[in-house]
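Worksheet for the structure shown next.
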Amino acid sequence: MERVAGSIEERSLLKHPGAIMFVSCYELGHQPLGIAQPMGFLEQAGFAPVGLDIAVENIDESALRLARFVGISVPMHTALRLGVRVAELIRALNPACHICFYGLYASINAEYLLQRLADSVVGGEYEILLQSLIEALDRGQAISLLEGVSSRNRVVGPSLQRVYASTASTIPHPIPSRAGLPMLDQYARLEQNGTERLVGHVEASRGCLHHCLHCPIVPVYDGRLFLVPEAVVLEDVRRQVRAGATHITFGDPDFLNGPGHSMSIVRAMHKEFPYLTFDFTAKIEHLLKRRALMPDLSAQGCLFVISAVESFSDHVLERLHKGHTGADIMTALGIMCEAGIVLRPSLVAFTPWTSLDEYERMLDMVETHDLIDATDPVQLSIRLLVPPGSALLAKSDIQRFLGPLDQAGFQYPWTHPDERMDRLHQAVSAIVEAGAKEAEDAMVTFDRIRAITDRMAGRHAKSSTRTRVSRPDRPKPPRLTESWFCCAEPTTQQFRPLKTKEHGEIQHGWSYIQLKGGPEMEAELMTQGTQIQELLGLKVPAVAIAFRDTAPAGIPRVTAPAPAGCGYWKLAAEGQVFYTEASDHYTCPVGAHTHGVDLPPQVATELNGLVQTMVEMQYLTMADIPMIPRRQETFHVAVYAPLTKATFTPDVVLVRGTVKQLMLLAEAAQVAGIAGGGATMGRPTCSVLPESLQSGHTATSFGCIGNRVYTGLGDDEGYYAIPGTKVADVVRKLAIITEANRQLEKFHRSRVGNPS
Numbered sequence: 014m015e016r017v018a019g020s021i022e023e024r025s026l027l028k029h030p031g032a033i034m035f036v037s038c039y040e041l042g043h044q045p046l047g048i049a050q051p052m053g054f055l056e057q058a059g060f061a062p063v064g065l066d067i068a069v070e071n072i073d074e075s076a077l078r079l080a081r082f083v084g085i086s087v088p089m090h091t092a093l094r095l096g097v098r099v100a101e102l103i104r105a106l107n108p109a110c111h112i113c114f115y116g117l118y119a120s121i122n123a124e125y126l127l128q129r130l131a132d133s134v135v136g137g138e139y140e141i142l143l144q145s146l147i148e149a150l151d152r153g154q155a156i157s158l159l160e161g162v163s164s165r166n167r168v169v170g171p172s173l174q175r176v177y178a179s180t181a182s183t184i185p186h187p188i189p190s191r192a193g194l195p196m197l198d199q200y201a202r203l204e205q206n207g208t209e210r211l212v213g214h215v216e217a218s219r220g221c222l223h224h225c226l227h228c229p230i231v232p233v234y235d236g237r238l239f240l241v242p243e244a245v246v247l248e249d250v251r252r253q254v255r256a257g258a259t260h261i262t263f264g265d266p267d268f269l270n271g272p273g274h275s276m277s278i279v280r281a282m283h284k285e286f287p288y289l290t291f292d293f294t295a296k297i298e299h300l301l302k303r304r305a306l307m308p309d310l311s312a313q314g315c316l317f318v319i320s321a322v323e324s325f326s327d328h329v330l331e332r333l334h335k336g337h338t339g340a341d342i343m344t345a346l347g348i349m350c351e352a353g354i355v356l357r358p359s360l361v362a363f364t365p366w367t368s369l370d371e372y373e374r375m376l377d378m379v380e381t382h383d384l385i386d387a388t389d390p391v392q393l394s395i396r397l398l399v400p401p402g403s404a405l406l407a408k409s410d411i412q413r414f415l416g417p418l419d420q421a422g423f424q425y426p427w428t429h430p431d432e433r434m435d436r437l438h439q440a441v442s443a444i445v446e447a448g449a450k451e452a453e454d455a456m457v458t459f460d461r462i463r464a465i466t467d468r469m470a471g472r473h474a475k476s477s478t479r480t481r482v483s484r485p486d487r488p489k490p491p492r493l494t495e496s497w498f499c500c501a502e503p504t505t506q507q508f509r510p511l512k513t514k515e516h517g518e519i520q521h522g523w524s525y526i527q528l529k530g531g532p533e534m535e536a537e538l539m540t541q542g543t544q545i546q547e548l549l550g551l552k553v554p555a556v557a558i559a560f561r562d563t564a565p566a567g568i569p570r571v572t573a574p575a576p577a578g579c580g581y582w583k584l585a586a587e588g589q590v591f592y593t594e595a596s597d598h599y600t601c602p603v604g605a606h607t608h609g610v611d612l613p614p615q616v617a618t619e620l621n622g623l624v625q626t627m628v629e630m631q632y633l634t635m636a637d638i639p640m641i642p643r644r645q646e647t648f649h650v651a652v653y654a655p656l657t658k659a660t661f662t663p664d665v666v667l668v669r670g671t672v673k674q675l676m677l678l679a680e681a682a683q684v685a686g687i688a689g690g691g692a693t694m695g696r697p698t699c700s701v702l703p704e705s706l707q708s709g710h711t712a713t714s715f716g717c718i719g720n721r722v723y724t725g726l727g728d729d730e731g732y733y734a735i736p737g738t739k740v741a742d743v744v745r746k747l748a749i750i751t752e753a754n755r756q757l758e759k760f761h762r763s764r765v766g767n768p769s
């Protein structure tokens, strides 16, 4: 059913301040244009929308409860993943609220969003469509026939109705409304010559003329370009300059799609603000084609250009239909160097077609051409993302690498034909995230990546950058403090828990039971635990585990440290309810590592010694270590209980069972759309917890020898970890799956003449 306002009195409330809210989840560290633009249109139409940017603000639950319409901006994959969490919270707090997803990633995932959380979905050029949708809701009209608006009764493709009727500078188009957004000092800054400056963010155009196969713009815009009027862009710049910006980022997919329009804007901007610098994004192909413009762009204040280099391999570039070659990249570097503009490459370092040798060659090219400081380390870890609707699905040979659609993850998972590349990706990602957390020098991070790559290839590690690292005062090219990338999965840091003013961190979204709390929550958890145990016939009850800042009231600390962290699983399965502190995990250095416990020097030494012993025994290799999942949040306390006795909301539920029992759980998770796409895990068993926590999906473990000793895990048993917020979904599907398996077993037995 469509949610429409009821009485005339109710409908008029959409004009009240706060009745309409727009939420931004991630815009590459910029003040979000994705909500500033529609707010400008709606304010001009007489509404009073408010904005929320969860990238820098805590969520105000009271504001969500008051909202009657919430638009969630999803211009990229990371924003969509986070936006789903926000929508889950809204549904729990304010079930009657109309939730609309809009932006680049909305329409290509419309069916799934509408089935689960959304009341409407808008794609393409969305400002006028959002205004029409809200005006219809305000009048109490049905929305099912609105142009460009998908609802639960009808799914339509993205609309490319022109938002700006003309690019003429005299037409009074709405200006993005930024007054209610966080100040610019909350966002990414320009880093140059050891100083930082505030950065503004505008767009001169939307869409793109090109058809790069992996680009999410292609399924929506299909080669079309829309120009934002020069007057709108320049007024937006003026307002951000008044707010303190001394550098402007042009967020266009490609600033040189319309070079005449773009050059007119930067010349006018430089004339009015000669001290203002800027950066933009453009294809290598355009840097070559428009090379004559580069000196002028430099003179107007351009400091650097981000270009989607993607790969230095011609055969990978050909499969992506990038329109340039490895040789073109070298030419572009020369053009930009001559113009005095830094070229900052973005990469898709891992694709199904990229070999280990080609990855090594990419590192060689980055180092040889002095691009280490110009390449954000995260670029060396970017793995090709294949979302629903991707042009890659129909126009490349990628199908043979793909698994089934991971709808909850909004992508098709893929496996590299050389398993070393998948292991390398995990290792590089861990190195990059650890380096970012410690603000590590880019050259140090690069050297670590080089070393792990050489080890993966069976060669002695190179250390060619170390002599340069000893010069921390070396000149570095200008950069933004937030790394640029969009067509990739979120990093662990980006996919962090939501935060509300009232409750602080919320692990992986909230279900309704989390917000009810008290006896209702406990009763529902008891029901879930009982159903899992009865449907599967478990001998050992499912265990609820949560990581908290402080110990929950009324729950005691464990009486004595267990010899291993997994020993606490056993105690909980035996019926105990308790919590542990960091020191309770010192007895198991490996478990402490996976749980994110900061180890004192003596215990850290024990961990290193244990790891070294395992390496010497060839139980694991040094290359395995960075790939072991680990909680990234600071460890304070962990709370354990049988799921049937839990008085707290679990972050993860752990099921111990036979292979057949885990098979049924896995099938239920697949139907629920939350099954993990990775291989079944081995040692250490405890890594199954952070794997499930960080991915938001289920994870399976065969166990390890230590776990079998400490918990008595049987030879035919393993573990299945379920994100706490997804347990209800799995239980609902488990009832269906177990019955289906009973019927199918009868069918299969009848075929072999064994009906028993």
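To convert a position in the sequence shown, counted from 1, into the working numbering, add 13. Ideal Cβ positions, reconstructed from N, Cα and C, are used throughout, including at glycine. Remember, it's a predicted structure, so these values are computed and weren't measured experimentally.
Short of 6 angstroms from the beta carbon of Arg219, and not among the five residues preceding or following it, lie these beta carbons of its own chain, in chain order: Phe239. Comparing alpha carbon positions, the residue from Thr634, Glu629, His598, Leu301 closest to Ala617 is His598. For Leu376, the uninterrupted alpha helix (DSSP H) segment begins and ends at 369-381. In the DSSP assignment, Asp467 falls within the alpha helix (DSSP H) that extends over 455-469. In the displayed model, Ile354 falls within coil according to three-state DSSP, outside both helix and strand. With a cut-off of 8 angstroms on Cβ pairs, the region 255-264 is not in contact with the region 301-308, counting fewer than three such pairs. Burial is judged here by how many other beta carbons sit within 10 angstroms of a residue's own beta carbon; Ser326 has at least 16 and is buried.
As a beta-bridge residue in DSSP terms, His260 pairs with Val212, Thr290.
Shortest Cα-Cα distance from Arg561 to any of Phe661, Ser324, Thr388 involves Phe661.
Judged by beta-carbon spacing, Val63 lies beyond the 8 angstroms limit of Pro88, meaning their Cβ atoms are not closer than that value. An exposed status is given to Asp486, since fewer than 16 other beta-carbon atoms sit within 10 Å of its beta-carbon. Apart from the 5 residues on each side of it in sequence, Met434 sits with its Cβ closer than 8 angstroms to the Cβ of Phe363, Thr367, Ser368, Leu369, Tyr372 in its chain, given in chain order. When DSSP states are grouped into helix, strand and coil, Thr540 belongs to the helix group.
In the structure shown, Ile121 adopts helical secondary structure according to DSSP, grouped into three states.
Check the Cα spacing between Ile348 and each of Glu298, Ile188, Leu247: the tightest is with Glu298. When DSSP reads this structure, Ala654 sits in a beta bridge with Ala557.
When secondary structure is reduced to three states using DSSP, Phe591 falls in the strand class. DSSP, read as helix, strand or coil, puts Cys699 in helix. DSSP places Gln756 in the uninterrupted alpha helix (DSSP H) bounded by 740-764. Taking every protein chain shown into account, the CB of Arg357 has 16 or more other CB atoms within 10 angstroms, so this residue is buried. With 16 or more neighbouring CB atoms inside 10 Å of its own CB, Glu138 falls in the buried class. From the listed residues Glu351, Met635, Cys579, Ser496, the smallest Cα separation to Arg468 is found for Met635.
In the DSSP assignment, Cys228 is bridged to no other residue. Lys759 sits exposed, since fewer than 16 C-beta atoms from the chains shown fall within 10 Å of its C-beta. By the neighbour-count definition (other C-beta atoms within 10 Å, threshold 16), Lys739 is a buried residue. Distances from the CA of Val69 to each of Pro390, Glu495, Ala566 were compared; the closest alpha carbon is that of Glu495.
For Asp386, the closest of Gly402, Arg98, Ser359 by C-alpha to C-alpha distance is Ser359. By the CB criterion at 8 angstroms, Leu106 and Ile67 fall outside the cutoff. Cβ contact annotation for Glu285 (same chain, cutoff 6 angstroms, sequence separation greater than five): none.
In this structure, Asn621 keeps its C-beta atom at 8 angstroms or more from the C-beta atom of Leu677. DSSP places Ile735 inside the beta strand (DSSP E), whose first and last residues are 730-736.
The residue among Asp729, Lys28, Leu437, His382 with its C-alpha nearest the C-alpha of Ile395 is Leu437. The C-alpha of Val233 is placed about 11 angstroms away from the C-alpha of His224. Looking at His606, Arg251, Pro491, the one whose alpha-carbon comes closest to that of Cys315 is Pro491. Between Ser190 and Ala80, the C-beta spacing is not below 8 angstroms. In this structure Lys28 is in contact with Phe60, their Cβ atoms being roughly 6 angstroms apart against a cut-off of 8 angstroms.
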